[in-house]
Every structure is written in structure tokens, then in C-alpha cells.
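Protein chains: 2
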Amino acid sequence: MHSRILVVGAGAIGGFYGGKLAQAGCRVSVVSRSDYEVVKSEGIAVTSALGDFRFIPEKVIREVAEYGEPPDYILVGTKVVPETDTVKLIRPVVGPGTAIVLIQNGVEIEQPIAEAFPQNEIISGLAFIAVSRIGPGRIHHQAYGRLTLGLYPSGSSEKAARLAELLESTGVPAELTMDVVTARWRKLVWNAPFNPVSVLGGGVDTTMILGNPEAARLIRKVMEEVCLVAKATGHELPPTVIQENIDGTLAIKPYKTSMLLDFEAGRPMEVEAILGNGVRAARREGVAVPHMESLYALLLLADQKNRSKIC
Amino acid sequence: MHSRILVVGAGAIGGFYGGKLAQAGCRVSVVSRSDYEVVKSEGIAVTSALGDFRFIPEKVIREVAEYGEPPDYILVGTKVVPETDTVKLIRPVVGPGTAIVLIQNGVEIEQPIAEAFPQNEIISGLAFIAVSRIGPGRIHHQAYGRLTLGLYPSGSSEKAARLAELLESTGVPAELTMDVVTARWRKLVWNAPFNPVSVLGGGVDTTMILGNPEAARLIRKVMEEVCLVAKATGHELPPTVIQENIDGTLAIKPYKTSMLLDFEAGRPMEVEAILGNGVRAARREGVAVPHMESLYALLLLADQKNRSKIC
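Protein sequence lines, in the order shown, are assigned to chains A and B. For the first sequence, this note's numbering begins at 6 and goes up steadily by one. For the second sequence, this note's numbering begins at 6 and goes up steadily by one.
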């Protein structure tokens with residue numbers, strides 16, 4: 006009855022959704038290395054627009070292998086960066102009945118997991134949320150929160166539906182999609198231009214970007230390219246998606262992208278999930294994406310330079 | 006016999022070439038505002054691979070209008086940035102026989118000057134030099150120094166030839182070209198990719214850029230686009246120019262571009278001369294330049310952000 010859930014990568018995303026699932030009555034444990042002592046003794050304090058709460062995990066462990074009997078769900082909230090080998094990380098605790106839930110950014114991020122665990126259900130999730138870790142065992146949920154869930158590569162499942170219901174019961178909007186891969190491409194329409202341009206433009210918010218006609222043009226060109234690649238991979242997006250994304254961005258307050266926050270904090274950026282995978286898909290399908298390629302090349306340099314600063 | 010020359014923008018470029026022309030026997034004066042006191046009392050001290058020297062100008066003035074009778078040459082060494090209105094700056098001292106010498110970066114920078122002074126000879130110059138202002142009245146010439154000179158829009162003149170001879174007499178390689186506009190496009194093959202990428206890639210030198218396969222690919226794509234635009238404007242470049250530029254860059258030590266030095270010092274960058282004019286030429290001629298456009302849009306944002314930092 007009470008699902009057993011292991012959260013891997015108990016950062017902002019894992020901590021928030023894991024905490025909500027605990028609120029919903031699940032037995033939620035977390036793997037935490039850097040914040041182990043704090044989380045073990047005090048849990049995770051979440052300040053949230055949906056109401057503040059404290060998330061006391063069933064178990065707090067340092068290594069996945071300490072968890073014991075495989076859980077019903079593994080919830081992966083880690084960033085998609087080369088230094089995190091998710092397959093290796095979760096392998097010790099994946100059982101025959103374990104569903105692997107990926108709440109991560111980008112496109113074509115599921116394949117390595119699906120190939121490593123061909124018998125397991127992969128639930129792919131997209132979070133539309135502004136949430137950040139503000140200290141050891143402390144998370145601040147600023148806005149939004151909607152989660153889109155679907156079975157990978159397509160369709161739905163009882164486990165995915167159950168997860169959505171549990172989250173909805175705590176006030177988190179959770180919707181099921183029969184085509185999560187298309188949903189990922191759709192989200193990329195925003196992420197592929199705005200995240201890189203915010204960093205490469207010298208650290209600029211959405212209002213500054215769209216206020217410059219050449220930059221606004223670049224944003225639109227990248228969006229068009231994402232739509233072309235999505236279509237070529239069999240996931241055509243509605244023609245209105247570009248204008249909706251532009252209008253939606255103009256309607257909100259100046260917004261700093263998550264990639265810019267990572268960059269400014271000297272953290273690795275999700276270059277491959279947000280751009281590299283899209284560029285490789287384009288090359289595979291024979292679609293010209295010169296604007297995406299330009300951003301990708303520059304972002305690789307900037308990410309490399311950024312990493313060398315903190316070492 | 007002894008040419009009267011007024012140097013406007015007595016920064017590194019103007020100070021160096023002005024100083025060499027004084028060595029050659031010319032009567033060289035300089036307009037200097039920020040460094041007026043030092044230059045007035047001590048001249049300009051130049052440390053140089055060609056031999057250190059002190060440049061004592063004939064006159065040091067704060068305003069162009071103080072110069073008196075129009076000179077034989079006005080030597081403009083200012084950066085091409087929106088805040089410098091060269092036409093307005095030099096108008097008070099342009100006489101019927103004054104040749105206007107532009108030693109500046111970029112393409113299509115001569116038109117505004119040629120339109121404002123249709124009766125005057127415009128000598129367009131390209132400096133291949135590493136020289137910098139290291140303090141008030143102090144210039145350091147690190148390497149190179151070659152100047153390519155030609156009459157704008159094409160051909161040569163006695164005044165241009167005389168200038169080249171004078172510089173050659175002091176050890177500065179100076180060559181005349183009958184087609185300076187093509188020479189500008191040729192130099193842009195290097196400048197258009199390397200200058201912007203060095204800034205947008207997070208502050209990287211030429212070795213770091215070419216060491217990344219995606220970035221090296223971007224460099225090459227931008228070079229190809231510059232060649233296409235040059236050709237469309239009637240200035241076709243030899244097909245070997247791209248590989249020569251790549252090989253030449255690989256052969257030198259890691260090099261920080263002048264645009265990166267400007268960016269790091271919080272100074273305005275020559276965005277329009279190096280990219281904007283090329284992009285506008287491409288659009289005028291109907292040539293697709295998506296990589297150049299991507300760099301241009303990002304550089305506009307970065308330049309704007311960089312300027313706001315110092316205000």
C-alpha cells in the first residue's frame with residue numbers, strides 16, 4: 006500500500022518531490038552524502054508556496070547499496086552532467102519490480118538507463134518548477150511545481166498514474182502524458198535557446214534577452230531548429246509552440262535560467278542534455294541546426310572554463 | 006617636405022604609428038585628453054621589439070580644433086565603437102588637401118567617413134600588431150607591426166605610398182594594396198570568429214578554442230561565411246585562406262584576442278566593425294550567415310552587460 010521510494014540526488018528536485026511523496030504517505034528514503042549529518046538528524050526543511058513543511062525521510066543513507074530490499078520507485082533528481090553516472094549509481098538497488106523515475110532536464114536522456122535496465126519500467130518526468138537548495142537540508146520552493154510524467158518511450162502505466170495521484174493529493178499538479186518524448190522536445194523549445202543565451206550573453210535574464218532584437222531573433226531561430234529536429238525524430242510539435250513560448254516569456258517577470266544560476270555558482274552546466282543531445286539528434290537525422298551548433302560549441306568552452314575556475 | 010600629421014585617438018595604435026612617423030621626420034601632433042599632462046610634459050614612451058623610443062609630438066592638444074591649419078594627414082587610431090563619432094571628431098581640422106588615414110579593425114567602416122568628406126582622400130589601413138597602452142603616456146609594442154595601406158575604395162595614391170615609405174624607413178613593414186576592401190575581408194576571416202568566440206566562450210585563448218572540436222568547427226563555419234559574404238560583395242578571397250588562418254593560429258602560442266582584452270577590462274567591444282557590418286552586408290546581399298548571426302546576437306548582449314558593469 007505505502008510505496009517504498011528511494012530518492013537519489015536529494016538536491017532541490019529530489020528533496021521537494023520526495024518530500025511531497027512522504028506527505029502523501031509514501032515511505033521515502035534519501036541518499037545524501039554532503040548533507041548526511043543534517044538530513045539524518047533534522048530531515049529536510051522545505052519552504053514552499055504550497056506551504057512550508059519538514060520532510061523526515063524513512064532512511065537517510067550515504068550509499069545506495071545501504072538501502073536494502075529494492076524500492077518500488079527510484080526517483081532520480083540529479084543533474085545530467087558527465088560526472089554523474091546514473092546507471093552505476095542506482096544499479097545496486099534496482100530490483101525486478103523497481104520503476105526508475107527520471108525527473109531531469111533535456112532530451113534523449115533516458116536511453117542509457119533503458120539500455121542498462123531493459124526489464125524495468127522507466128518513468129520519464131519533466132518538472133516545471135523553480136526550486137533551489139539554499140543550504141544543507143534546506144530547500145526553497147519559489148514557484149510553479151507541475152510535473153509531467155509518462156512511461157518511456159511512450160504510453161502510461163499504473164505506477165506512473167499512482168505517482169501522479171500521490172503528488173496531486175499534496176497539491177502538486179501532476180499530469181500523465183502518453184508521449185513523454187514529445188513533451189521533452191516541447192520543453193526543449195524553451196530550454197535550448199534561453200538557458201545557453203542567458204549564460205553566453207554575459208549573464209542576462211529573459212527580459213534583457215528579448216529586449217534585444219538580434220537576441221530575440223536568435224531565440225526564435227533556435228526554437229525553429231528544435232521544432233525541425235523534433236519533427237525529424239517523429240515528435241512533431243504544434244506550429245503555435247514558438248509564439249506561445251515567446252509570449253509566455255514576455256508575460257513573466259525577468260527570469261534567470263537554471264543554467265545561468267549553475268554557471269554563476271561555478272557548477273557544471275547541463276550542456277549535453279540541453280544542447281548536445283539535440284545537436285546529435287539533428288546530425289543523425291540530417292537536419293541543419295547552425296544556431297544550436299553555435300550555442301553548443303560556445304557553451305562547451307564556457308563550461309570547461311567555468312569548471313577550471315573552481316578546481 | 007616634412008608632412009604634418011595629426012593623430013586622433015592617441016592610444017596604442019595612434020601612439021605607435023604616430024611615433025614611428027615622427028622618427029621618420031614628420032611633424033606629428035597628437036590629440037590627447039585623458040593623458041594630456043603626461044604627454045605634454047614627457048611625450049609618449051614606447052617600449053618596442055623594434056627598439057624603445059620616446060615620441061615627442063610637435064603639439065599636444067586637448068581638442069582637434071586647437072590644431073590650426075589643416076594637416077596633410079589625419080591618422081585615426083580610435084576603436085570603432087558607437088560612442089566615438091569620428092566624423093564629428095575630425096571635422097574641425099579636415100582641409101581640402103587632408104588625407105584621412107583610418108587604422109582600424111573591421112569591414113565597411115570607411116563609408117561614413119567617405120560620405121562626410123567626399124572630396125578627401127581616404128587611406129584605409131590594417132594593422133597586424135600586438136601593441137597596448139600600459140599607462141598614461143606609455144605604450145608597449147609586443148610583436149608584429151605590419152601595416153597594409155590602400156586608397157579607399159580601391160587603388161593607391163602618392164600620399165599612401167609616401168606614408169608606407171616613411172614607415173618602412175623606421176623598420177615598420179608597410180605594404181600598399183590596390184584593393185584594401187578585400188584586404189579587410191581577408192583580415193575578417195580571422196577576426197570574425199576568434200574575437201567573439203574568445204569572449205563568448207568564457208574568456209578563452211586560441212589554443213583552448215581550437216582544442217575543442219565543436220569550437221574549432223564553429224571557427225571554420227564562421228570563416229566560410231565571411232568568405233561567402235566577401236564574394237557576394239565583389240571581394241572574393243582565395244580558397245586557401247581558411248586553412249591558412251587555421252594553420253597560422255595553430256602555429257602561434259596561445260593568444261588572447263584584443264576583443265577579449267577589451268571585455269576583461271570592461272571596455273566597449275568593436276561589435277559592429279567585427280560582426281555587425283559583416284552581418285548587415287550578408288543580409289544586403291542575401292547570404293545566409295547563421296553562425297555569424299548567432300555570435301553577433303550574443304556579443305551584443307555581452308557588450309551591453311559589460312558596459313553596465315562599469316557604469
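Cβ coordinates follow ideal geometry from the N, Cα and C atoms, glycine included.
What is the rounded straight-line gap between the Cα of residue i and the Cα of residue j?
i: Cys316 (chain A); j: Asp267 (chain A); result: In this prediction, Cys316 (chain A) has a pLDDT of 44, which is less than 50 and means its spatial position is unreliable; nothing more can be read from the coordinates.
i: Val32 (chain A); j: Phe60 (chain A); result: The sequence shown places Arg at residue 32 (chain A), rather than the Val named in the question. So the alpha carbons of these two residues sit roughly 11 angstroms apart.
i: Glu115 (chain A); j: Arg225 (chain A); result: 27 angstroms
i: Thr89 (chain B); j: Val12 (chain A); result: 58 angstroms
i: Ser129 (chain B); j: Val292 (chain A); result: 42 angstroms
i: His296 (chain A); j: Asp252 (chain B); result: 26 angstroms
i: Arg191 (chain A); j: Glu290 (chain A); result: 18 angstroms
i: Val177 (chain A); j: Glu249 (chain A); result: 23 angstroms
i: Leu55 (chain A); j: Ile139 (chain B); result: 57 angstroms
i: Gly150 (chain B); j: Val106 (chain B); result: 16 angstroms
i: Lys270 (chain B); j: Asn196 (chain A); result: Looking at the sequence itself, residue 270 (chain B) is Ala, so the reference to Lys does not match. Distance between the alpha carbons of Ala270 (chain B) and Asn196 (chain A) is about 31 angstroms.
i: Leu303 (chain A); j: Ile214 (chain B); result: 9 angstroms
i: Val85 (chain A); j: Asn282 (chain A); result: 11 angstroms
i: Gly20 (chain B); j: Pro273 (chain B); result: 20 angstroms
i: Glu113 (chain A); j: Ile79 (chain A); result: 19 angstroms
i: Glu42 (chain B); j: Ala179 (chain B); result: 32 angstroms
i: Ala278 (chain A); j: Gln109 (chain A); result: 9 angstroms
i: Glu74 (chain A); j: Ser263 (chain A); result: 35 angstroms
i: Ile3 (chain A); j: Tyr157 (chain A); result: Nothing about residue 3 (chain A) can be read from this structure; chain A reaches only from 6 to 316.
i: Leu305 (chain B); j: Asp210 (chain B); result: 20 angstroms
i: Ile2 (chain A); j: Val194 (chain A); result: An answer regarding residue 2 (chain A) cannot be provided, because it is not within the stretch 6 to 316 covered by chain A.
i: Val202 (chain A); j: Leu300 (chain A); result: 8 angstroms
i: Leu223 (chain B); j: Glu47 (chain A); result: 50 angstroms
i: Val185 (chain A); j: Gly82 (chain B); result: 58 angstroms
i: Ala286 (chain A); j: Thr238 (chain A); result: 8 angstroms
i: Ala165 (chain B); j: Val294 (chain B); result: 34 angstroms
i: Ile18 (chain B); j: Thr245 (chain B); result: 29 angstroms
i: Asp308 (chain A); j: Gly207 (chain B); result: 8 angstroms
i: Ser161 (chain A); j: Leu181 (chain A); result: 7 angstroms
i: Ile49 (chain A); j: Ala221 (chain B); result: 45 angstroms
i: Lys64 (chain A); j: Asp40 (chain A); result: 14 angstroms
i: Lys310 (chain A); j: Asn125 (chain B); result: 48 angstroms
i: Glu229 (chain B); j: Ser53 (chain A); result: 52 angstroms
i: Val44 (chain B); j: Ile10 (chain B); result: 17 angstroms
i: Gly23 (chain B); j: Ile66 (chain B); result: 14 angstroms
Pull the bridge partners of residue i from the DSSP assignment, please.
i: His145 (chain B); result: B:Thr52 and B:Ser137
i: Gly130 (chain A); result: A:Ile108 and A:Leu154
i: Leu80 (chain A); result: A:Val12 and A:Val106
i: Val69 (chain B); result: Per DSSP, none; premise fails for Val69 (chain B).
I want to check one thing, is the minimum distance from the CB of residue i to the heavy atoms of the ligand SAM below 7 angstroms?
i: Glu230 (chain A); result: Absent from the structure shown: the ligand SAM. Ligands present: none.
Using a Cβ-Cβ cut-off of 8 angstroms, state whether residue i counts as contacting chain E.
i: Asn311 (chain A); result: Here chain E cannot be found, since the structure's protein chains are A and B.
Checklist line | Any beta strand (DSSP E) of 3 or more consecutive residues that is wholly inside the region 26-60 of chain B | finding: 32-36, 49-53 and 58-60
Check: For the region 192-204 of chain B, which residues have a CB atom closer than 8 angstroms to at least one CB atom of chain A, in sequence order?
Finding: Val202
Check: What are the complete alpha helix (DSSP H) segments, minimum 4 residues, inside the region 270-315 of chain A?
Finding: 282-290 and 295-315
Check: Mind listing which residues of the region 273-303 of chain B have their C-beta closer than 8 angstroms to chain A's C-betas, in chain order?
Finding: Pro295, His296, Glu298, Ser299, Leu300, Tyr301, Ala302 and Leu303
Checklist line | Contact list for the region 55-72 of chain B against chain A, Cβ threshold 8 angstroms | finding: none
Notebook entry, point to check: If you pair each beta-carbon of the region 89-100 of chain A with each one of the region 121-135 of chain A, do three or more pairs fall below 8 angstroms?
Noted result: yes
Checklist line | Whole beta strand (DSSP E) elements within the region 170-203 of chain A, 3-residue minimum | finding: 179-181
Next item on the list: Taking only beta carbons into account, state which residues of the region 222-233 of chain A come closer than 8 angstroms to chain B, listed in chain order.
Entry: Arg222, Leu223 and Lys226
Next item on the list: Specify whether the region 22-29 of chain B and the region 168-176 of chain B touch according to this definition: at least 3 beta carbon pairs, one from each stretch, less than 8 angstroms apart.
Entry: yes
Margin query: If the cut-off is 9 angstroms on Cβ atoms, which residues from the region 98-118 of chain B count as contacting chain A, listed in chain order?
Written below: none
Notebook entry, point to check: Which residues, taken in chain order from the region 206-222 of chain A, show a beta carbon closer than 8 angstroms to some beta carbon of chain B?
Noted result: Gly206, Gly207, Gly208, Val209, Met213, Ile214, Asn217, Glu219, Ala220 and Arg222
Notebook entry, point to check: Counting pairs of beta carbons, one from the region 70-79 of chain B and one from the region 95-111 of chain B, are three or more of them closer than 8 angstroms?
Noted result: yes
Notebook entry, point to check: Name the residues in the region 151-169 of chain A whose C-beta lies less than 7 angstroms from a C-beta of chain B; which are they?
Noted result: none
Checklist line | Residues, ordered as in the chain, of the region 242-261 of chain B that lie near chain A by beta-carbon distance below 9 angstroms | finding: none
Note to self: Taking beta-carbon pairs under 9 angstroms, can you tell me which members of the region 82-99 of chain B lie near chain A?
What the structure shows: none
Check: In the region 201-249 of chain B, which residue ranges form an unbroken beta strand (DSSP E) of at least 3 residues, counting only runs that do not cross its ends?
Finding: none
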